[in-house]
Every structure is written in structure tokens, then in C-alpha cells.
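Going down the list, the protein sequences come from chains Z and X. Positions in the first sequence are counted from 1; adding 299 to them yields the numbering used here. Positions in the second sequence are counted from 1; adding 6 to them yields the numbering used here. For every residue, glycine included, the Cβ atom is placed at its ideal position computed from N, Cα and C. For reference, the structure is listed below as C-alpha cells.
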Amino acid sequence: MSLRYALHELDYRRGRSLVTVLSIAVSVLSAVLLTAVAASYARAVRAPVETVGADMVVQLTGDIPPELKGIVFPHPNALLPANAIAAIAQLPGVISVTRGVYMWELASDHYAAILGLADGEAGLGSFPARLIDGRPLRTDDRAVILDSDFAAKSAFKVGGEIDVAGTTFPVAGIVDAARGGKVARADVYMPLAAAQRLAAAAPMVQALYPFRDSDANLLLVKVDRQHLEEVVDKTVALLGKKGIVSSELSMRDALSGVLFLSQRMGLIVALVIGVFAAAFVLRATASAVAERRRELAVLQAIGWPWRCVRRQVLLENGLLALAGVGAGLVMAAILVGLLGEVSVSVELPWDLSSTPHFIPEATLDRTQTITVPISLPWETAAIAGLGGIAVALASAFALARSAPAHPWSLLRNE
Amino acid sequence: MTDTAIQLQGVTKRYGELQVLKGIDLSVPAGRFVAVIGKSGSGKSTLLAVMSGLEKADGGDVLLAGENLSGHSEARMAELRRRTIGFVFQSFNLIPSLSALDNVLLPTFFDGDAAASRARAVSLLEQVGLGGRLHHRPSQLSGGEQQRVAIARALVGHPKILLADEPTGNLDAETGADVLGLLLDMTRINGATLLIVTHDLDIAARADMKIEMKDGRILNGHA
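Listed below in C-alpha cells is the structure:
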């Protein structure tokens, strides 16, 4: 086996070598790039729900209160039965459940969306990262945190006070609205207990639901992502037709209008391209070996054992495969670098970001543009690379596995 | 060391229904120039193939430099060819992607001392008058030059036996005469046995021993 000979041979048949390298490269490039883009889209799909620190948001559709006055529950935020909450928390795959109370305060001169949250990663624990002024909230706090847009519009400052449904709360902090996402976005955030007390005392809540100061109307659920689909299905079954269960799965539906490539689809496309590339490499190898039967017979005549002749063909194909895989990976890395990121605009369902549409100043642009960096999927790159090399070597091995029965017939006088 | 380079005893070879060699008995003394002549289809090329182990005899024994080829594996046969035989073909059969030097080096890829192999290859190419064309590809050489490269390649492994199949068949008369002269000189210098298959009776006339074949049999063998 001679590297020098192999390199000369590949150089001598430059056109064929180039086409073979390119076909392997395109196959590897498409597999890696499609997977990279698909993975970014998949991350983008998760982003709206993940920004609240959860994998699943659970709500229940209720009714419209008789009067839109004072504290009211938006109709996608009906009272969640305590036994349903307990059952969801027990589902296999559920890591944690953060309870919340989401409500509107409607008055003749103002409107505010209020969200009370329990402690935890998806609850009060999510605020320190978003805080731009003041301090985070504790479970037993009687203070509130304001959304920066709301605070700016109403000229609230940290250290000041705000009146919510007749109760005065000190403003402990202000969070960055842009970093909060738009799922379950509120103007005023407070500890769960404080929100529960306000809701329990609200006539327009009690007119519809027997809400007690230990109840909730919103769940932020952290789920082991491997069990997400199963948990979503079981939660939907638990809550019945009125249940609203939002997750990356429901976000995919929201993305159906844009070019969306699931990881599976990306892999299928890459696989199809790979099969065509493999067929091409096989054909190229077959014709190369057929063209060189006489040359290979010469090698046998001058004393090369057939196993060495075969290794030589394998070496040549191996070099082509390495060059193709290398070129494919380099092109993929360059393209991933040039693309940098993917941006996806998702219009969130109203349920996930409910605002009273009858109050013009309260309407919220529910379109969320999510920008996700594209990164090289090393696992796919490795698989595609090994696949490319395996295809090239397998094709050479398959074609060169048996010695010609009569090499002399190729060498004798014509 | 044996005084017989090639010995065949009752060798037969059949391709399908066609019996090509019909019990060949032959002894080629070491260091001699032997010409095998005969019409097309007489079996002379097959005789060369069986002698070299590229084709296996169906029956009989083939002894090459005293070593019986029967039962040899393909790999063992390849090694024996590499160490014992040099081939020169009518159509040169050089590797088109390799330079003259690399073509000559091809049989030595399995030898340990690459520097020594290279030195010998360069020396052989100089001896055949191609010292200035070491790095030319076959397509850049004339027919006569290509056959000179093939002769150098055949001799690079210090073979005891040189088998040539119509070595001047693709060359014009003048170049053919030059190449034959070179082949004879180089064989003599290297102390090898030369067996040439040819149609050319002038070449056969210069041989130490002439073997005439017809219909798969040796008609006569004259020293």
C-alpha cells in the first residue's frame, strides 16, 4: 500500500476524484447543516415557554365575569382544581410544579395584569436574572415587582408604592420586560400568597369560582423533556376539553406557517441525500475499478498480493472519503458561522398572553421574535463523517474484495 | 541454487472446453535466453502465465527456481513472483499516473530499504538511457522509452527469471531491435534467465534455445 501511489492516482484522475469528494462533501454538509438549523428551530420553539422557566404552562378555560370591574380572572385562567394540580405534580417526568394566580385589575382609569407566583425556578426564583433595579421577592413579601414598560408608563420607581385593588404594595424591584418573554407576562408581579388573598377577596372572581386563598389558576411545570409528550397528553386528559396545555409541542403548531424543519425531517432529508451520494460513490468506484482492471492485474503480475492491491484501492477511496468529509465539515462550519443564528417570529396564542383586547392601551403585540444561535451539531457531524468514510470504504471493499480470476487475460497480447 | 530456472512436468491447462496446454514437459536452464514461438492460439502465452503462477495449471508440476508452485497460496505466489520473476509485456503496461521512476519502484514497495530501492531504480533507468526522464509520466514517453521503463521495472527486484511477452511487438523495427538488444544486455548483466514469447523468427534465431509450440504442445526444443 503506497500513499504516494494513491495520491498520484487521485491526482491523475482529478475530475473523478473531485466529483467524488464533492458528492461526499455535499452529503455531509447537508446532513450537518440541516440538523444544525433544525436543532436551532427546535430550540426556538422551546424558547417562549422556557423564558418563564418551565416546559409546560397549564391553564383552564372558564367564563367571562358578569362585570369587568376590579380583580377578574381572564377566561383562560379559571380556577384549577386542587386535585388536578396534585395529580399533575405526581405524573412521571414532572420535575416541579410552580403555582400561580394570573388576573387583571380593571378600573375606569387604569388596567394592570397581575401575576402571583410561588417560590421556585419558574416562580419567584426567575426574577433575579431579569431584575434591572431593586431586589427580588421573597415568599412572605408584601411587596411587588413591576414590569419596566409598565413602571415607565406610570412613573413608578423602586421604593415607591402602588395600589392594587385597594391594597398598597411597596415597589421592591423592576424587571426587564424584554427579557421576560411574553408568556404569562404581567405588569405587576407579587408572591403567590398576596395574589391569592386579592383573588379570594374579589367579587368578580367569586362570582364565577369558589376561589380560596390556597388556590391557583396557572401552573408552570418543569418536565423532563424526554417525557414531555407523555406528560402533556396526560395533563390534557386530566383537565378535559377546557384544559389549555402549552409547551414546545403547541408552539410547533404556531410555527406551521413558517419554514419549519423538525430534527427528524432534517435527518430524513440528509439521509436521502446521503443515499444518493452513496449510490454515486459506489458507481464512481465501480467504474474506476473497471477502468483499472488491467492496472490492478499489472500490480499482481509484478508481485503485489491481491490483499495489497485491495488495500491500495481502499486507501484511495479512504483518502477521497476523508477529503469529502473534511470539506463537508469545513463548509458546514463556515456556513453555520455565516448564518450565525436563526430568527423565528411566533405569534403566541392569546391564552398564553391574555390582555383585555377591549382596552386599547392594554393590547400587547403577541408576536415574539426568537433568535437562536446556530451551532455545529458535533454528534451529527461525527456520524455524517463516519458515514461518509464508511460508504466510501464499503463501496471499495465490495468491489475489490475478490481477485480477478484470470489477471493474465488482461495482460496478454491483444 | 539450481541450474534449472524453470521446469514443467506434464502441465495441462484448460479454459472451459478448450484444452490449451496438453501435457507440457520443459526444462529451461538458468542464465539462458529462450524463445517460445508458435502461431496465435498455440498456447505460448498461456505457458507464460502458468510459469509465472498468474494462472494455475490444472495438472502437472511447475518448478520455478527449484520451487514447486503447486499448493502455493495467492499471496505466496505473489511473493515468489516479486522475488524471482520480472515481466515485460508487449503493451508495456506501465501505470499511467506514475512517473517512470515510480513505475520502476512499484515492485519494491514491500522492501524495507526504500533508499536502496530508489538508488537501484535510478541506476537502472540510467542504464536504459532514461536518466533524464525519471519524472516523466508514460504519456510523456515514446513507445520505445516506455518499454525501457518496463525493462527497468522488471529488473529492479533482482529477478532470476525474466519473462517477456512479445516485448517488441508494439515497436517499429529499429526501436524493437534497440529494445531487444537492451533486454539481452540487461539480462546478461543481471545474470538472469530470459524467456521470450514471440512471433518474430529473427528474435528466436538469436536465442540460446528455441521452443516451438503448436496446438498446446511443444513440437521441439532446440538448444
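{"Item": "Could you give the first and the last residue of the continuous beta strand (DSSP E) run that contains residue 238(X)?", "Value": "Residue 238(X) cannot be examined here, being either before or after the span of chain X that is shown, 7 to 229."}
{"Item": "Short of 6 Å in beta carbon distance, which residues of its chain neighbour residue 427(Z), apart from the five on each side in sequence? Order them along the chain.", "Value": "435"}
{"Item": "Given a limit of 7 Å on CB to CB distance, which residues of the segment 111 to 137 of chain X reach chain Z?", "Value": "112, 113, 115"}
{"Item": "Does the structure place the segment 396 to 407 of chain Z close enough to the segment 483 to 498 of chain Z that three or more beta carbon pairs sit under 8 Å?", "Value": "yes"}
{"Item": "What first and last residue would you give for the beta strand (DSSP E) that runs through residue 28(X)?", "Value": "24 to 35"}
{"Item": "In terms of alpha-carbon separation, which member of 338(Z), 459(Z), 573(Z), 508(Z) lies closest to residue 364(Z)?", "Value": "508(Z)"}
{"Item": "Which residue from 43(X), 53(X), 41(X), 36(X) puts its Cα closest to that of residue 16(X)?", "Value": "53(X)"}
{"Item": "Looking only at C-alpha atoms, which of 39(X), 200(X), 106(X) sits nearest to residue 148(X)?", "Value": "106(X)"}
{"Item": "Can you name the start and end residues of the alpha helix (DSSP H) that residue 447(Z) belongs to?", "Value": "447 to 453"}
{"Item": "Does any residue of chain X bring its CB to less than 8 Å from the CB of residue 556(Z)?", "Value": "Per-residue confidence for residue 556(Z) stands at a pLDDT of 46, beneath the threshold of 50, marking its modelled position as unreliable; no derived number is given."}
{"Item": "Can you check the segment 391 to 452 of chain Z for any beta strand (DSSP E) of at least 3 residues that lies completely inside it and give the ranges in chain order?", "Value": "393 to 405, 410 to 416, 430 to 433, 443 to 446"}
{"Item": "Restricting to runs no shorter than 3 residues, where is the beta strand (DSSP E) found entirely within the segment 41 to 80 of chain X?", "Value": "65 to 70"}
{"Item": "Can you tell me which residues form a DSSP beta bridge with residue 669(Z)?", "Value": "643(Z)"}
{"Item": "Give me, in chain order, the residues of the same chain whose beta-carbon lies closer than 6 Å to that of residue 556(Z); leave out the 5 immediate sequence neighbours on both sides.", "Value": "Per-residue confidence for residue 556(Z) stands at a pLDDT of 46, beneath the threshold of 50, marking its modelled position as unreliable; no derived number is given."}
{"Item": "Please state the DSSP three-state secondary structure of residue 162(X).", "Value": "coil"}
{"Item": "What did DSSP end up calling residue 20(X) once you bin it into helix, strand or coil?", "Value": "strand"}
{"Item": "Show which residues of chain Z have a CB atom less than 7 Å away from the CB atom of residue 48(X).", "Value": "Per Cβ cutoff of 7 Å: no residues; residue 48(X) is ~13 Å from chain Z at best."}
{"Item": "Quick one: list the residues of chain X neighbouring residue 597(Z), beta-carbon separation under 9 Å, in chain order.", "Value": "93, 95, 99, 100, 101, 112"}
{"Item": "What separation, rounded to the nearest whole angstrom, lies between the Cα atoms of residue 505(Z) and residue 512(Z)?", "Value": "11 Å"}
{"Item": "Name the residue from 14(X), 198(X), 112(X) whose alpha carbon lies nearest to the alpha carbon of residue 69(X).", "Value": "14(X)"}
{"Item": "When we look at the beta-carbon of residue 468(Z) and count the other beta-carbons within 10 Å, is it buried (16 or more) or exposed?", "Value": "buried"}
{"Item": "If you run the structure through DSSP and keep just helix, strand and coil, what is residue 513(Z)?", "Value": "coil"}
{"Item": "In this structure, does DSSP put residue 556(Z) in helix, strand or coil?", "Value": "A caution first: residue 556(Z) carries a pLDDT of 46, below 50, which makes its placement in the model unreliable, though a value can still be read off. Coil at residue 556(Z), not helix or strand."}
{"Item": "Buried or exposed: which applies to residue 154(X), given that a residue is buried once 16 or more other Cβ atoms fall within 10 Å of its Cβ?", "Value": "buried"}
{"Item": "Taking only three categories from DSSP, how would you classify residue 177(X)?", "Value": "coil"}
{"Item": "Kindly indicate which three-state DSSP category residue 130(X) falls into: helix, strand or coil?", "Value": "helix"}
{"Item": "Under a three-way DSSP split, which group does residue 7(X) fall into?", "Value": "Its pLDDT being 46, under 50, residue 7(X) is placed unreliably in this model, and the coordinates cannot settle the point."}
{"Item": "Using DSSP's beta-bridge definition, name the partner residues of residue 462(Z).", "Value": "467(Z)"}
{"Item": "Assess, as a yes-or-no matter, whether the segment 108 to 119 of chain X is touched by the segment 173 to 190 of chain X under the definition of 3 or more beta carbon pairs within less than 8 Å.", "Value": "no"}
{"Item": "Could you tell me which residues DSSP puts in a beta bridge with residue 226(X)?", "Value": "218(X)"}
{"Item": "Note the first and the last residue of the continuous alpha helix (DSSP H) segment covering residue 636(Z).", "Value": "605 to 638"}
{"Item": "Look up residue 213(X) in the DSSP assignment and say whether it is helix, strand or coil.", "Value": "coil"}
{"Item": "Would residue 208(X) pass as an interface residue toward chain Z - the criterion being a Cβ-Cβ separation below 8 Å?", "Value": "no"}
{"Item": "Return the first residue and the last residue of the beta strand (DSSP E) that residue 488(Z) is part of.", "Value": "487 to 490"}
{"Item": "Should the segment 58 to 74 of chain X be called in touch with the segment 82 to 92 of chain X, which here means at least 3 C-beta pairs below 8 Å?", "Value": "yes"}
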